[in-house]
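Worksheet for the structure shown next.
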Amino acid sequence: MSHNESAHTHDDSHDGHDHDHGGHGHGHGHGGESTSSRKLAAVSLINVVGFLVELAGGLAFGSVALISDAVHMLFDALAYVMAFAASYVAEHYGEDERWSYGLHRLEPFAAFLNGLLLLPMVAFILWESSQRFFEPIAIGTGPTIAIAAGGLLVNIGSVYVLHGDAMSLNEKGAFYHLLGDAGGSVAVIVSVVAIELTGIRVIDPITAALIAVVVAWSAATVLRGSGEIFFLKTPLESDEIRSHIRKIDGVEAVDDFHAWQICSQITVATVHVETDVETMLEAESVTRRVHDELAGHGVDHATVELSPHYDDRDVHLDTHCH
0 MSHNESAHTH DDSHDGHDHD HGGHGHGHGH GGESTSSRKL AAVSLINVVG FLVELAGGLA
60 FGSVALISDA VHMLFDALAY VMAFAASYVA EHYGEDERWS YGLHRLEPFA AFLNGLLLLP
120 MVAFILWESS QRFFEPIAIG TGPTIAIAAG GLLVNIGSVY VLHGDAMSLN EKGAFYHLLG
180 DAGGSVAVIV SVVAIELTGI RVIDPITAAL IAVVVAWSAA TVLRGSGEIF FLKTPLESDE
240 IRSHIRKIDG VEAVDDFHAW QICSQITVAT VHVETDVETM LEAESVTRRV HDELAGHGVD
300 HATVELSPHY DDRDVHLDTH CH
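The numbering of the sequence shown is numbering that gives the first Met the number 0, which starts it at 0 and goes up by one.
Written out as structure tokens, the structure reads:
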């Protein structure tokens with residue numbers, strides 16, 4: 000195979016996000032995104048209403064634990080709103096050639112903003128909890144329990160809306176957040192009952208501080224996950240993939256492999272492969288098998304470059320590798 004027969008194969012088609020590589024379709028399918036968007040919109044509305052009710056109740060009846068649970072619900076509501084907005088915009092805009100991968104980058108951007116917005120809320124809860132710890136106040140037991148129970152019903156209703164046999168990644172994230180919210184509502188109810196039975200009012204700010212820790216952990220998780228996407232951390236086991244590609248007939252070496260994510264649902268990879276095949280037909284066969292291997296590891300878009308073996312490999316790698 001001569002230098003002129005070096006095969007450099009990639010796909011620039013993004014319509015419908017169904018990508019074909021050498022006759023092999025590797026679409027990551029967003030066909031269910033409209034349903035996902037509607038579900039996220041419904042959950043967003045439910046949680047915004049729940050937040051307003053819990054916040055008003057916490058302020059009216061003096062429960063900082065209820066206020067902290069309301070903030071937790073607000074954080075998740077914002078997450079759902081941003082996820083819905085990012086999904087909707089990605090579905091309807093950015094399909095022209097100016098945007099190589101549409102506007103799917105909005106998903107990690109929205110998640111990062113979400114995590115940042117949560118941090119001052121956590122600080123407020125901890126500050127309010129410390130104030131109430133040293134100066135406990137009476138709590139309206141009955142109304143507080145009723146509102147917390149209402150928050151629990153909101154979470155259960157949201158779980159019901161999202162639950163299904165095949166949830167998208169956004170839906171799965173929302174689903175697990177809602178389970179955490181339900182735990183927060185239960186914690187508020189238990190703390191109020193404990194205060195009523197024991198008379199120990201500091202249970203309320205202690206419960207609020209514990210919920211704040213859970214919220215902070217959620218924020219850190221969101222920031223870390225979105226940061227990994229923005230800073231192009233590979234989501235794949237690179238050494239394992241290199242090993243599998245080397246086992247393909249006709250592959251002599253894997254000189255360069257990079258993988259990153261556009262958003263949580265779109266993984267992109269590039270690989271440079273040295274081959275000993277002699278004809279274009281054999282080169283196409285190698286390219287297809289490399290694409291199949293990458294697709295089997297969850298790669299949605301792949302660029303595969305084939306070239307013959309280079310005697311002066313260092314010179315070649317200096318121009319291709321980073």
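Where is the CB? At the ideal position from N, CA and C, for every residue including glycine.
Predicted, not measured: the structure shown is a model, and the values here were computed from it.
Using beta-carbon positions only, say whether residue i and residue j come within less than 7 Å of one another.
i, j, result
"phenylalanine 230", "proline 142", "no"
"serine 184", "aspartate 68", "yes"
"alanine 122", "asparagine 154", "no"
"serine 190", "isoleucine 202", "yes"
"valine 42", "tyrosine 79", "yes"
"valine 214", "threonine 266", "no"
"proline 204", "serine 128", "yes"
"threonine 274", "glycine 249", "yes"
"histidine 290", "alanine 301", "yes"
"glutamate 106", "threonine 140", "no"
"leucine 323", "glutamate 53", "Residue 323 is absent from the model: the chain starts at 0 and stops at 321."
When you compare each of the options to residue i by their alpha carbons, which one comes out closest?
i, options, result
"glutamine 370", "Tyr92, Thr197 and Tyr100", "Nothing about residue 370 can be reported from this structure: the residues present for the chain run from 0 to 321 only."
"histidine 308", "Ile247, Val276, Phe108 and Ile188", "Val276"
"isoleucine 210", "Gly226, Ile188 and Gly224", "Ile188"
"valine 63", "Val214, Leu196 and Ile124", "Ile124"
"glycine 335", "Ser225, Asp291 and Glu283", "What the structure shows of the chain is the stretch from 0 to 321, and residue 335 is not part of that stretch, so it cannot be assessed."
"alanine 85", "His71, Met120, Glu127 and Leu39", "Leu39"
"alanine 110", "His290, Glu227, Val42 and Ile138", "Glu227"
"valine 212", "Ala82, Leu117 and Leu51", "Leu117"
"isoleucine 240", "Val158, Pro204 and Val272", "Val272"
"methionine 120", "Arg104, Ser237 and Leu77", "Leu77"
"valine 253", "Ala82, Phe133, Leu51 and Leu305", "Leu305"
"alanine 147", "Leu280, Leu293, Ala55 and Val285", "Ala55"
"isoleucine 244", "Thr140, Gly198, Ile144 and Thr286", "Thr286"
"methionine 72", "Val88, Leu51 and Pro107", "Leu51"
"glycine 136", "Leu44, Ile199 and Trp126", "Contrary to the premise, residue 136 reads as isoleucine rather than glycine in this sequence. If we check each option's Cα against that of isoleucine 136, Ile199 comes out closest."
"histidine 257", "Ser237, Glu251, Lys246 and Ser242", "Ser237"
"arginine 223", "Val303, Phe133, Ile144 and Phe108", "Phe108"
"valine 221", "Leu112, Val70 and Lys246", "Leu112"
"valine 234", "Thr278, Ala268 and Lys246", "A small fix is needed here, since residue 234 is proline in this sequence, not valine. It is Ala268 whose Cα lies nearest to the Cα of proline 234."
"arginine 37", "Thr197, Val160 and Asn46", "Val160"
"serine 242", "Val270, Ala193 and Thr278", "Val270"
"lysine 246", "Glu90, Ile144, Ala219 and Arg288", "Arg288"
"asparagine 46", "Gly149, Glu90, Ile138 and Leu102", "Gly149"
Which word fits residue i, buried or exposed, when buried means at least 16 other C-beta atoms lie within 10 angstroms of its C-beta?
i, result
"arginine 131", "buried"
"glycine 57", "buried"
"glycine 49", "buried"
"alanine 82", "buried"
"serine 5", "Residue placement at serine 5 is flagged as unreliable, the pLDDT there being 43, under the threshold of 50; a coordinate-derived value is accordingly withheld."
"glutamate 292", "buried"
"alanine 207", "buried"
"arginine 97", "exposed"
"leucine 354", "Outside the shown range of the chain, which is 0 to 321, sits residue 354, and nothing can be said about it."
"serine 263", "buried"
"alanine 186", "buried"
Starting from residue i, follow its DSSP beta bridges and name the residues at the other end.
i, result
"tryptophan 259", "Val267"
"glutamate 96", "Paired residue(s): none; glutamate 96 is not in a bridge."
"serine 306", "Glu273"
"glycine 101", "Ser99"
"valine 324", "Residue 324 is absent from the structure shown; the chain starts at 0 and stops at 321."
"alanine 301", "Ala268"
Beta-carbon of residue i versus every beta-carbon of chain E: anything under 7 Å?
i, result
"valine 185", "Included in the structure is just one protein chain, with no chain E present."
Pick out the complete alpha helix (DSSP H) segments inside the stretch 102-153, 4 residues or longer, and give them in chain order. 105-133
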